[in-house]
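Peer 1: Keeping their order, the protein sequence lines are chains G and D. Position 495, counted from 1, in the first sequence is what UniProt numbering calls 495; the numbers after and before it change by one each time, with no gaps. Position 439, counted from 1, in the second sequence is what UniProt numbering calls 439; the numbers after and before it change by one each time, with no gaps. Ideal Cβ placement from N, Cα and C applies to all residues, glycine included. Quantities reported herein were computed from a predicted structural model and do not represent experimental measurements. First the structure, then my questions, so here it is.
There are 2 protein chains.
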Amino acid sequence: MAERLYLYDTTLRDGQQTQGVQFSVAEKQALTVMLDRLGIDYIEGGWPGANPTDSAYFEAVGETRATMAAFGMTKRSGRSAQNDDVLAAVLNAGTSAVCLVGKSHDYHVEAALGISREENVENIRASVAHCVAEGREALFDAEHFFDGYYSDPGYALECLRAAHEAGARWVVLCDTNGGTLPAEIGRIVSEVIAAGIPGDRLGIHCHDDAGMAVAGSLAAVEAGARQIQGTLNGLGERCGNANLISLIPTLLLKEPYASRFDTGVTVEGMKALTRISRQLDDILNRVPRNNAPYVGASAFAHKAGLHASAILKDPSTYEHVDPSTVGNARVIPMSNQAGQSNLRQRLSEMGIGVEKADPRLSRILEEIKDREDRGYSYDTAQASFELVARRELGLLPQFFEVKRYRVTVERRKNKYNRMVSLSEAVVVVKIGEEKRLSVSESMDETGSDRGPVNALARALAKDLGPYQDAIDDMHLVDFKVRITQGGTEAVTRVIIDSEDGEGRRWSTVGVSANIVDASFEALIDAVTWKLMRDGQGA
Amino acid sequence: MAERLYLYDTTLRDGQQTQGVQFSVAEKQALTVMLDRLGIDYIEGGWPGANPTDSAYFEAVGETRATMAAFGMTKRSGRSAQNDDVLAAVLNAGTSAVCLVGKSHDYHVEAALGISREENVENIRASVAHCVAEGREALFDAEHFFDGYYSDPGYALECLRAAHEAGARWVVLCDTNGGTLPAEIGRIVSEVIAAGIPGDRLGIHCHDDAGMAVAGSLAAVEAGARQIQGTLNGLGERCGNANLISLIPTLLLKEPYASRFDTGVTVEGMKALTRISRQLDDILNRVPRNNAPYVGASAFAHKAGLHASAILKDPSTYEHVDPSTVGNARVIPMSNQAGQSNLRQRLSEMGIGVEKADPRLSRILEEIKDREDRGYSYDTAQASFELVARRELGLLPQFFEVKRYRVTVERRKNKYNRMVSLSEAVVVVKIGEEKRLSVSESMDETGSDRGPVNALARALAKDLGPYQDAIDDMHLVDFKVRITQGGTEAVTRVIIDSEDGEGRRWSTVGVSANIVDASFEALIDAVTWKLMRDGQGA
Numbered sequence: 001m002a003e004r005l006y007l008y009d010t011t012l013r014d015g016q017q018t019q020g021v022q023f024s025v026a027e028k029q030a031l032t033v034m035l036d037r038l039g040i041d042y043i044e045g046g047w048p049g050a051n052p053t054d055s056a057y058f059e060a061v062g063e064t065r066a067t068m069a070a071f072g073m074t075k076r077s078g079r080s081a082q083n084d085d086v087l088a089a090v091l092n093a094g095t096s097a098v099c100l101v102g103k104s105h106d107y108h109v110e111a112a113l114g115i116s117r118e119e120n121v122e123n124i125r126a127s128v129a130h131c132v133a134e135g136r137e138a139l140f141d142a143e144h145f146f147d148g149y150y151s152d153p154g155y156a157l158e159c160l161r162a163a164h165e166a167g168a169r170w171v172v173l174c175d176t177n178g179g180t181l182p183a184e185i186g187r188i189v190s191e192v193i194a195a196g197i198p199g200d201r202l203g204i205h206c207h208d209d210a211g212m213a214v215a216g217s218l219a220a221v222e223a224g225a226r227q228i229q230g231t232l233n234g235l236g237e238r239c240g241n242a243n244l245i246s247l248i249p250t251l252l253l254k255e256p257y258a259s260r261f262d263t264g265v266t267v268e269g270m271k272a273l274t275r276i277s278r279q280l281d282d283i284l285n286r287v288p289r290n291n292a293p294y295v296g297a298s299a300f301a302h303k304a305g306l307h308a309s310a311i312l313k314d315p316s317t318y319e320h321v322d323p324s325t326v327g328n329a330r331v332i333p334m335s336n337q338a339g340q341s342n343l344r345q346r347l348s349e350m351g352i353g354v355e356k357a358d359p360r361l362s363r364i365l366e367e368i369k370d371r372e373d374r375g376y377s378y379d380t381a382q383a384s385f386e387l388v389a390r391r392e393l394g395l396l397p398q399f400f401e402v403k404r405y406r407v408t409v410e411r412r413k414n415k416y417n418r419m420v421s422l423s424e425a426v427v428v429v430k431i432g433e434e435k436r437l438s439v440s441e442s443m444d445e446t447g448s449d450r451g452p453v454n455a456l457a458r459a460l461a462k463d464l465g466p467y468q469d470a471i472d473d474m475h476l477v478d479f480k481v482r483i484t485q486g487g488t489e490a491v492t493r494v495i496i497d498s499e500d501g502e503g504r505r506w507s508t509v510g511v512s513a514n515i516v517d518a519s520f521e522a523l524i525d526a527v528t529w530k531l532m533r534d535g536q537g538a
Numbered sequence: 001m002a003e004r005l006y007l008y009d010t011t012l013r014d015g016q017q018t019q020g021v022q023f024s025v026a027e028k029q030a031l032t033v034m035l036d037r038l039g040i041d042y043i044e045g046g047w048p049g050a051n052p053t054d055s056a057y058f059e060a061v062g063e064t065r066a067t068m069a070a071f072g073m074t075k076r077s078g079r080s081a082q083n084d085d086v087l088a089a090v091l092n093a094g095t096s097a098v099c100l101v102g103k104s105h106d107y108h109v110e111a112a113l114g115i116s117r118e119e120n121v122e123n124i125r126a127s128v129a130h131c132v133a134e135g136r137e138a139l140f141d142a143e144h145f146f147d148g149y150y151s152d153p154g155y156a157l158e159c160l161r162a163a164h165e166a167g168a169r170w171v172v173l174c175d176t177n178g179g180t181l182p183a184e185i186g187r188i189v190s191e192v193i194a195a196g197i198p199g200d201r202l203g204i205h206c207h208d209d210a211g212m213a214v215a216g217s218l219a220a221v222e223a224g225a226r227q228i229q230g231t232l233n234g235l236g237e238r239c240g241n242a243n244l245i246s247l248i249p250t251l252l253l254k255e256p257y258a259s260r261f262d263t264g265v266t267v268e269g270m271k272a273l274t275r276i277s278r279q280l281d282d283i284l285n286r287v288p289r290n291n292a293p294y295v296g297a298s299a300f301a302h303k304a305g306l307h308a309s310a311i312l313k314d315p316s317t318y319e320h321v322d323p324s325t326v327g328n329a330r331v332i333p334m335s336n337q338a339g340q341s342n343l344r345q346r347l348s349e350m351g352i353g354v355e356k357a358d359p360r361l362s363r364i365l366e367e368i369k370d371r372e373d374r375g376y377s378y379d380t381a382q383a384s385f386e387l388v389a390r391r392e393l394g395l396l397p398q399f400f401e402v403k404r405y406r407v408t409v410e411r412r413k414n415k416y417n418r419m420v421s422l423s424e425a426v427v428v429v430k431i432g433e434e435k436r437l438s439v440s441e442s443m444d445e446t447g448s449d450r451g452p453v454n455a456l457a458r459a460l461a462k463d464l465g466p467y468q469d470a471i472d473d474m475h476l477v478d479f480k481v482r483i484t485q486g487g488t489e490a491v492t493r494v495i496i497d498s499e500d501g502e503g504r505r506w507s508t509v510g511v512s513a514n515i516v517d518a519s520f521e522a523l524i525d526a527v528t529w530k531l532m533r534d535g536q537g538a
């Protein structure tokens, strides 16, 4: 029989300590649904009373399969647990679990709280006992536990025992400053268990300040702890918390964990991980980390030529797990390090079958190589790559032709004597025999200028006749600019990421010494790819 | 006596396998200087013969304190090491060390190479022996070693022994697919040492596919390995390699490593880590990871109110190491205490003395903070920072005023029916009472269009009256564009690097939703700073 290992998510509480992160109630609710569906055991929603958004969230959140936990701190000295208004606000959130942080490091008790060591132990005991008496599942987060254990192991253990004996379901060892090494975490967890706190009542809470929060969490589990606290994408104060998105696949797919433990997350549920990770980035308006373990866009991208050709024979040669298990996908980028077999593989994934000896294969490779020499890059711009290949194969209709464009940026004083700028673009396209002129200003919702590329995109999107529905359904999600080398001189490379109503995402590239030109080229590719995918007639 | 632990950097080789990364020779040289100054023991520069840039780099790279290594693969079957042209190209790079990758996993020998197990062992032996005979320090990278050890430990060890007995200085255990857990790495390294390969001849090469490359490297060191291979910022194929930027401070600052090992990096040299990490991101035009261990902008940022107030009493309460040890800085929101003394320091470096209690100091800090919220960044744009401070202090003359500008980009067919583009700019400036209009096209030596920013720069430089000499003496050396967050919406940040006849270099920044506007702002700052430095009268 597999042992139960519990996952405790604190994205909504500790994750919100990330610089620049402030969730709205609606965002917290959306994340709750994601976490609950994933099968997380505990969702820590915030600190009610300390933060108005958190209080509102606990009022708004509905039924969950997961155990909802409110966070707070142990009662202050000089009042009873019943009369501590901070603690009362936490209990008033009505969650079935309550997690209270308290000190376990003698120095912090004296320097930060300025109370006696005995008072602190009593505060822990009384607070946990009060929560238990109120019918709640109580957790005790032992702040700075590892540093405290180095300083005075007897006192640190005394704090844990106070919580344990008062009825805490879980005593959580927090490496608050994030600097404890995994081997040390393992050793100390073993000693805590030997000192009488059972492993199935022990949790671990790691921070990533030395880049080892995931390894530290696993070291604690190996030593006997049975609850892991962490966050999605490793959000959290400073360098963040242990990343549950990295931990879950390791626990479910790798030995000795896979056959030893059951978690609330199933192998089927884990397929949502990549989507969940990116949705969180979407909520935060962050560019996802390409190299994130398991879920990054590059996590299964094989650039080295030798790797890519072996992958075609057997994916396990250069993949530690199957990307589909976490909802991710294999990427074999077209770079000058890759050969014809990669190309055929790429094309077949696009639904294009080409015979092994087809001379067009080497023509495509030459065209790609020539473009890369001029500054193009197709590592990420897969949609532009597909267009190059289809053009070479005669599989790309000419949807429309851009005859000319003109864009003007002007900056001058307005009638209120303030400097303002305005961009205006004219685009002339020909669809079949029909010529269409469109003009547009660049403007956002507030009426301010978004620049020449925005003006061009608007003018182009204004009137594409038969394609109008397809183009109305797409929008720009990211725009990257890099000055690079094209032949002997510096050129500008622009990469545009687009998305449509079905959530499809694609990347296109443009290169020119003129940044407006480069952007326009990437834009035209984005539109063309969309029309091609939608199966628009030429 | 401390034991020697060696650091081997492969940013220039394995790091280049990162999706989207392609270093130029000049970039590789700049990185070499950074690595060499840092005190890295080995710099692996690339695969000469396989990649024209790598071959050119080895020709161009000068003397280094570090041992330079060329990468290649063991000889192929059916020819001698002497007659293998791939191996010859590697040796021809003339580096004192040569690192050859070869198979140590029986399945890969049969499936990928299609040769017998014995042939593979002989290829390893003969290749290493040949390098040693040529007077080189030889390293053997045992690809897929851990997977190979699971599959057939006897054969995996036989491959290592072949390299070791042929005279390899280092046998490197590569976790090529990045999926091996740290505890397993530790166990297997111990078994390898017990099987007769001494730890001081063993290296470890980890990948971050499970988010544990740093922990895996340390587990190998704990088991006895004495060389760590990794990359700056953890660059590398898929999820990247072990991050040396995270490993170095852990090795130098934390026990048991700090007192047990010496590395080529000194405590003093380590202060460059934050700068090195960001310079690499600059070269790649990547947004630095705020939450990167040790060097991230948020790595010592204390957002939680309780943490921030404790930090003011004693920084060790919420910091695992002192940020200055890695050249990073503490960030405490709402605390101008630390901010003001930093600012005075920066101003005095610019030759501006300001008294401690001067109220203008907090005005400058507020202005900088407000601008950073709008998307500006002054980490590199020191010249723009100086202009903000001087303006606030009343120490900046108004050299000229830009009344308005207009720039047009047009793309259409020329008389030869080829699509061409042309940019034209008009700039109107006022110097004293005199108004000057200039117009310029954008054009390089070959007559082709360089875009709107080039046109604006030319028009501005065409007629600046009394300042003409100063402006003729400067030119643009680099131009970086980044889409970033300004308040609630995406804005474009442009950083321009300029240089003058005396070799002085300075960086300026501009921010706007309109990329042309942002560029123009950075351009105006660049000219203004130059006039200020030249002591031009207003």
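If you measure from the beta carbon of arginine 458 of chain G to each beta carbon in chain D, is any gap under 7 Å?
Peer 2: Position 458 of the first sequence, counted from the start, is the residue given in the question as residue 458 of chain G. No, because no Cβ of chain D sits closer than 7 Å to the Cβ of arginine 458 of chain G.
Peer 1: Alpha helix (DSSP H) containing tyrosine 149 of chain G: first to last residue?
Peer 2: Locating residue 149 of chain G in the first sequence gives position 149, where the first residue counts as 1. Looking at the DSSP string, the run of the alpha helix (DSSP H) that includes tyrosine 149 of chain G is 145–151.
Peer 1: Helix, strand or coil: how does DSSP classify methionine 334 of chain D here?
Peer 2: As a first step, residue 334 of chain D is located in the second sequence; it is residue number 334 there, counting from the start. Its pLDDT being 41, under 50, methionine 334 of chain D is placed unreliably by the model, and nothing is read from it.
Peer 1: Determine the direct distance from the alpha carbon of serine 498 of chain D to that of threonine 476 of chain D, and round the result to whole angstroms.
Peer 2: As a first step, residue 476 of chain D is located in the second sequence; it is residue number 476 there, counting from the start. As a first step, residue 498 of chain D is located in the second sequence; it is residue number 498 there, counting from the start. The amino acid at residue 476 of chain D is misidentified as threonine; the sequence shows leucine. Near 4 Å, if we compare the C-alpha coordinates of serine 498 of chain D and leucine 476 of chain D.
Peer 1: For serine 421 of chain D and valine 61 of chain D, I'd like the C-alpha separation in whole angstroms.
Peer 2: As a working mapping, residue 421 of chain D is identified with position 421 in the second sequence. As a working mapping, residue 61 of chain D is identified with position 61 in the second sequence. Answer to the nearest angstrom: the Cα atoms are 39 Å apart.
Peer 1: Distance check for valine 326 of chain D and histidine 105 of chain G, CA to CA, integer angstroms please.
Peer 2: Locating residue 105 of chain G in the first sequence gives position 105, where the first residue counts as 1. Locating residue 326 of chain D in the second sequence gives position 326, where the first residue counts as 1. Roughly 27 Å separates the two Cα atoms.
Peer 1: For proline 452 of chain D, return the contacting residues in chain A, with the cut-off set at a CB-CB distance below 9 Å.
Peer 2: Any reference to chain A falls outside this structure, whose protein chains are G and D.
Peer 1: List the residues of chain D that isoleucine 228 of chain G touches, going by C-beta distances under 8 Å, in chain order.
Peer 2: Walking along the first sequence from the start, residue 228 of chain G turns up at place 228. Simply none; closest approach about 13 Å.
Peer 1: Leaving out the 5 sequence neighbours to the left and right, which residues in its chain are closer than 6 Å to isoleucine 193 of chain D when beta-carbon positions are compared?
Peer 2: Counting from one through the second sequence, the residue named residue 193 of chain D turns up at place 193. Only Gly199 and Gly224 meet the Cβ criterion.
Peer 1: Give a yes or no on contact between the segment 305–324 of chain D and the segment 502–519 of chain D, applying the rule of three or more CB pairs nearer than 8 Å.
Peer 2: no
Peer 1: Does DSSP classify alanine 66 of chain G as helix, strand or coil?
Peer 2: Taking the first sequence and counting its residues from 1, one reaches residue 66 of chain G at position 66. Alanine 66 of chain G falls in the coil class under three-state DSSP.
Peer 1: Show which residues of chain G have a CB atom less than 9 Å away from the CB atom of asparagine 291 of chain D.
Peer 2: Translated into positions along the second sequence, residue 291 of chain D becomes position 291. In chain order: Thr18, Gln19, Asp208, Gly234, Leu235, Gly236, Arg238, Cys239 and Gly240.
Peer 1: Suppose the cutoff is 7 Å on Cβ atoms and the five residues either side in sequence are ignored; what does the same chain contact list for lysine 75 of chain D look like?
Peer 2: The residue given as residue 75 of chain D occupies position 75 in the second sequence. Counting only Cβ-Cβ distances below 7 Å, and skipping sequence neighbours, we find Ala81, Asp84, Leu87, Asn123, Ala126 and Ser127.
Peer 1: State the beta-bridge partners of tyrosine 42 of chain G as determined by DSSP.
Peer 2: Indexing the first sequence from 1 puts residue 42 of chain G at position 42. For tyrosine 42 of chain G, which the question treats as bridged, DSSP gives the partners G:Tyr8 and G:Thr67.
Peer 1: Quick check on this structure: which residue in G:His130, G:Ile496, G:Arg286 and G:Arg406 has the alpha carbon closest to the alpha carbon of asparagine 233 of chain G?
Peer 2: As a first step, residue 233 of chain G must be located in the first sequence, where it is residue number 233. Minimum Cα distance to asparagine 233 of chain G is reached at G:Arg286.
Peer 1: Provide the residue(s) that pair with cysteine 174 of chain G in DSSP beta bridges, ordered along the chain.
Peer 2: One-based indexing of the first sequence puts residue 174 of chain G at position 174. DSSP output for cysteine 174 of chain G lists G:His205 as bridge partner(s).
Peer 1: Using the Cα positions of glycine 447 of chain D and arginine 411 of chain D, report the straight-line distance between them to the nearest angstrom.
Peer 2: The sequence position of residue 447 of chain D within the second sequence is 447, counting from 1. The sequence position of residue 411 of chain D within the second sequence is 411, counting from 1. Spanning the two alpha carbons is a distance of roughly 15 Å.
Peer 1: Is the CB of methionine 474 of chain G under 7 Å away from at least one CB in chain D?
Peer 2: The count along the first sequence starts at 1 and reaches residue 474 of chain G at position 474. Not one chain D Cβ lies under 7 Å of methionine 474 of chain G.
Peer 1: Counting pairs of Cβ atoms below 8 Å between the segment 40–53 of chain G and the segment 89–100 of chain G, do you hit three or more?
Peer 2: Yes: at least three Cβ pairs fall under 8 Å.
Peer 1: When the cut-off is 7 Å and only beta carbons count, does isoleucine 483 of chain G lie next to chain D?
Peer 2: The residue you call residue 483 of chain G lines up with position 483 of the first sequence. Flagged as an interface residue toward chain D: isoleucine 483 of chain G, by a C-beta distance shorter than 7 Å.
Peer 1: Within 10 angstroms of its Cβ, does glutamine 337 of chain G collect 16 or more other Cβ (buried), or is it exposed?
Peer 2: In the first sequence, the residue the question calls residue 337 of chain G occupies position 337. Summary for glutamine 337 of chain G: the model assigns pLDDT 47, below 50, so the residue's position carries little reliability, and this model does not support an answer.
Peer 1: If I measure Cβ to Cβ from aspartate 54 of chain D and keep anything under 6 Å in the same chain, skipping five residues before and after, which residues do I get?
Peer 2: Translated into positions along the second sequence, residue 54 of chain D becomes position 54. For aspartate 54 of chain D, where only same-chain residues beyond five positions count, the Cβ hits under 6 Å are Gly46, Trp47 and Pro48.
Peer 1: Just how far apart, CA to CA, sit proline 323 of chain D and arginine 330 of chain D?
Peer 2: By 1-based counting over the second sequence, the position of residue 323 of chain D is 323. By 1-based counting over the second sequence, the position of residue 330 of chain D is 330. Proline 323 of chain D and arginine 330 of chain D: Cα-Cα distance of roughly 6 Å.
Peer 1: Can you check whether the C-beta of tyrosine 416 of chain D is within less than 7 Å of a C-beta belonging to chain G?
Peer 2: Indexing the second sequence from 1 puts residue 416 of chain D at position 416. So, not an interface residue.
Peer 1: With asparagine 291 of chain D and cysteine 239 of chain G assumed to form a contact (beta carbons below 8 Å), what rounded beta-carbon distance in angstroms separates them?
Peer 2: Along the second sequence, read from residue 1 onward, the residue named residue 291 of chain D stands at position 291. Along the first sequence, read from residue 1 onward, the residue named residue 239 of chain G stands at position 239. Sure, about 5 Å apart at Cβ, within 8 Å.
Peer 1: When we look at the beta-carbon of asparagine 454 of chain D and count the other beta-carbons within 10 Å, is it buried (16 or more) or exposed?
Peer 2: Residue 454 of chain D sits at position 454 when you count from the first residue of the second sequence. So asparagine 454 of chain D ends up on the buried side.
Peer 1: List the whole-angstrom C-beta distance separating phenylalanine 261 of chain G from leucine 251 of chain G, where the pair is believed to meet the contact cut-off of C-beta under 8 Å.
Peer 2: Here residue 261 of chain G refers to the residue found at position 261 when the first sequence is read from its first residue. Here residue 251 of chain G refers to the residue found at position 251 when the first sequence is read from its first residue. That pair is a contact at about 6 Å.
Peer 1: Please list, in chain order, the residues of the segment 497–510 of chain D that have any C-beta partner in chain G closer than 7 Å.
Peer 2: Listed in sequence order: no entries.
Peer 1: Report yes if the CB atom of phenylalanine 399 of chain G is closer than 7 Å to the CB atom of leucine 456 of chain G, and no otherwise.
Peer 2: By 1-based counting over the first sequence, the position of residue 399 of chain G is 399. By 1-based counting over the first sequence, the position of residue 456 of chain G is 456. No, Cβ-Cβ distance for phenylalanine 399 of chain G and leucine 456 of chain G is not below 7 Å.
Peer 1: Measuring alpha carbon to alpha carbon, tell me which of D:Arg169, D:Ile228, D:Ala129 and D:Val214 ends up nearest glutamate 137 of chain D.
Peer 2: Sequence index remark: in the second sequence, residue 137 of chain D carries index 137 (1-based). Considering only alpha carbons, the answer is D:Arg169.
Peer 1: Would glutamate 367 of chain G and valine 388 of chain G be called neighbours here (beta carbons separated by less than 7 Å)?
Peer 2: Walking along the first sequence from the start, residue 367 of chain G turns up at place 367. Walking along the first sequence from the start, residue 388 of chain G turns up at place 388. Yes.
Peer 1: Does asparagine 177 of chain G have its Cβ less than 7 Å from a Cβ in chain D?
Peer 2: For the purposes of this step, residue 177 of chain G is taken as the residue at position 177 of the first sequence. When Cβ-Cβ separations below 7 Å define contact, asparagine 177 of chain G makes contact with chain D.
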